[in-house]
Amino acid sequence: MKIKLNVLLFLILAFGCKKNEDQLTNEPLEFESEKCADCPEIKIDIFNFIDDLPITATINNVLQKEVIDQLLYDDDIKVETIDEAIISFKNGYLDLKNMYADETVGWEANIEGDITFENKDVISIQMNSYIFTGGAHGYGVTRFLNFDKKKGDQLENWQLFSDKEDFRHFAEIKFKIQEDIPQSASINSTGFMFENETFYLPKNIGFTKEGLQLTYNQYEVASYADGPIIITLPYNEINKFLALKIKKK
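When we follow numbering that gives the first Met the number 0, the leftmost residue of the sequence shown carries the number 0, and every step to the right adds one.
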């Protein structure tokens, strides 16, 4: 009986923890600033993909660039690594503190990555960033990074759709329903701030398990106090608009 139990335990461990064959392999990639009185607080928690595939190098390079862009203080300085970007962020804080020693409060940067969806064709990574460099409040932003795993390329938003204009029209209908805007009314009739009174898709669109998520960051179409505006559209309603059809698991 003991032998049978050991065999059963082995099978559970061996097959119950097996990685989904559609998933890429990654390992945690973390960075933290040094602890000192004159150091901004920086914490970065992303991934490093390790499969020997063209797409892994693409994703790793895009993730690194995304973090660097968030932390880079001086555009005139050439920064090639996350460690160098952290130094740039720290130097920016120290420069400001040297000029305004009595007024400068501590800076903060927190950047986290999350894989929101992956199948054999596509992987979506959501990057959540919060940057504080003084003022009344910091700024939080969500970025979606979408990748075509077979072609090894990053996908631009327009590449997600077989007919972007038809999808935009459908998304506007759903947006108005969610935000209690009459279908016949202007998109800004209840206080939104779409330019030219015209609905448009957000800069950040990504695949999630629940559906395609449209994220309008703070200030994009509403005030800071309104926070981000998020709408998630189920795949069974929007697959006809998508270039890559998503099967609901």
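Think of the CB as a built atom: it goes at the ideal place given N, C-alpha and C, for glycine as much as any other residue.
These figures come from a predicted structure and were not determined experimentally.
Ser-161 is the residue among Ser-161, Glu-83, Ile-186, Glu-219 whose C-alpha sits nearest the C-alpha of Ile-237. For Asn-235, the number of other beta carbons within 10 angstroms of its own is below 16, and it is reported as exposed. Secondary structure of Val-220 (DSSP, three-state): coil. It is roughly 43 Å from the alpha-carbon of Ile-54 to the alpha-carbon of Thr-189.
Taking a contact as a CB-CB distance under 8 Å, the pair Ile-86 and Ile-67 does not count as one, their CB atoms being some 11 Å apart. Gly-134 and Val-104 have their C-alpha atoms roughly 9 Å apart. Here the alpha carbon of Asp-152 sits roughly 25 Å from the alpha carbon of Lys-77. If you ignore the 5 residues before and after Gln-212, its C-beta comes within less than 6 Å of the C-beta of Gly-205, Thr-231, all in its own chain and listed in chain order. Taking the CA atoms as reference points, Asn-47 sits about 17 Å from Asp-21. About 7 Å separates the CB atoms of Lys-148 and Lys-119; that is less than 8 Å, so the two are in contact. Our two residues, Thr-115 and Asp-74, have alpha carbons roughly 31 Å apart in a direct line. Residue range 53 to 70 is occupied by the alpha helix (DSSP H) that includes Gln-69. For Asn-25, the enclosing beta strand (DSSP E) starts and ends at 25 to 31. Non-local C-beta neighbours of Ile-45 in its own chain, meaning closer than 6 Å and more than five positions away in sequence, comprise Leu-28, Leu-62, Gly-112, ordered along the chain.
The alpha-carbon of Asp-94 is positioned some 48 Å away from that of His-168. Straight-line spacing of the CA atoms in Phe-131 and Lys-42 works out to 12 Å. By the 16-neighbour rule on beta-carbons within 10 angstroms, Thr-214 is buried. Relative to the Cα of Tyr-129, the nearest Cα in the group Lys-34, Trp-106, Glu-155, Leu-144 belongs to Trp-106. Distance from the Cα of Lys-202 is smallest, within the candidate group Thr-24, Asp-51, Gln-125, Asp-225, for Gln-125. For Gln-153, the uninterrupted beta strand (DSSP E) run begins and ends at 152 to 154, by DSSP. Of the other Cβ atoms in all chains shown, 16 or more fall within 10 Å of the Cβ of Pro-39; this residue is therefore buried.
By the CB criterion at 9 Å, Phe-88 and Tyr-99 fall outside the cutoff.
Looking from the CA of Asn-90, the closest CA among Glu-33, Leu-52, Asn-127 belongs to Glu-33. Out of Ala-56, Ala-84, Ile-58, the CA that lies nearest to the CA of Gln-69 is found in Ala-84. Between Ile-122 and Ile-49, the CB-CB gap reaches or exceeds 9 Å.
If you check the CB distance, Leu-144 and Glu-65 come in under 9 Å. Here the alpha carbon of Ile-229 sits roughly 19 Å from the alpha carbon of Trp-157.
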